[in-house]
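Chemist: Start counting the sequence shown at 783; every next residue gets the next number (the working numbering).
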Amino acid sequence: MSSGFSDFLYASPDGLELHARIYGEANSGHWPVVCLPGLTRNCRDFHDLALHLSRRAQTPRNIVAFDYRGRGQSAYDPDIGHYNVGVEAGDVLAGLAALGIEEAAFIGTSRGGLIIHVLGAMRPAVLRAIVLNDIGPVLEAGGLAHIRSYVERAPKPKTRAEALSAVRGAHGSDFPALTEADWE
């Protein structure tokens, strides 16, 4: 774990191999923190935060950052109907069960926040605390249209450099303070 994390693979309820990153010790004495990324994102979005939270001297946390099906290192699902927040919430619950986590604090960005809302309906006792980033109880039509526009028109990059260029092109004006290292 020289990188500060270990990879964790588990089976979804319908048998896909899914991935999460684990930071810190499982029995830290504090609630674990579950990190759920946005629609086109993956567990790496939480790397710096997870390192920080897992290494805090007074309150070190066990961090679990998930890759949803079809993202990051998780397997792709051939049934596009399974790419929805209900199925993905079930996948998160399966991962938590495999890790023996019954309750946690949750951080969700965009789609991750939507999944937290669904978890609140499916299994409210698992949610000890939540942080919602870039999402709220109301979905604005303009925001959804913006997401749809960049997801639908995004070409499939052939290289990492092409992918970075596409992401920066789509979001660079929204995040002018990001450095070259941040985009990497």
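Cβ coordinates follow ideal geometry from the N, Cα and C atoms, glycine included.
For the alpha helix (DSSP H) holding R942, just list the boundary residues, first then last.
Modeler: Taking the sequence shown and counting its residues from 1, one reaches residue 942 at position 160. Where R942 is concerned, the enclosing alpha helix (DSSP H) stretches over R942 to H953.
Chemist: Taking buried to mean at least 16 other C-beta atoms within 10 Å of its own C-beta, is P958 buried or exposed?
Modeler: Within the sequence shown, the letter at position 176 stands for residue 958. The residue in question, P958, is exposed, as its Cβ has fewer than 16 Cβ neighbours within 10 Å.
Chemist: Spell out the partners DSSP gives I912 in its beta bridges.
Modeler: Looking up residue 912 in the sequence shown gives position 130. DSSP output for I912 lists F888 as bridge partner(s).
Chemist: For H829, which option in A839, Q840 and I845 has the closest C-alpha, if you only look at C-alpha atoms?
Modeler: For the purposes of this step, residue 829 is taken as residue 47 along the sequence shown, with counting starting at 1. Residue I845 is the option with its Cα nearest to H829.
Chemist: Closer than 7 Å to a non-hydrogen atom of the ligand GDP - does that hold for the CB of L960?
Modeler: Of the ligands one can find in the structure shown there are none, so the ligand GDP has no counterpart to examine.
Chemist: By a C-beta neighbour count over all protein chains shown, 10 Å radius and 16 as the cutoff for buried, is A832 buried or exposed?
Modeler: As a working note, residue 832 is residue 50 in the sequence shown. With 16 or more Cβ atoms within 10 Å of its Cβ, A832 is classed as buried.
Chemist: Go ahead and label A907 buried or exposed: buried means 16 or more other beta carbons lie within 10 angstroms of its beta carbon, across all protein chains shown.
Modeler: Translated into the one-based positions of the sequence shown, residue 907 becomes position 125. So A907 counts as exposed.
Chemist: Output the distance between the C-alpha atoms of L901 and S955, rounded to the nearest integer angstrom.
Modeler: For the purposes of this step, residue 901 is taken as residue 119 along the sequence shown, with counting starting at 1. For the purposes of this step, residue 955 is taken as residue 173 along the sequence shown, with counting starting at 1. Taking the straight line from one Cα to the other gives about 33 Å.
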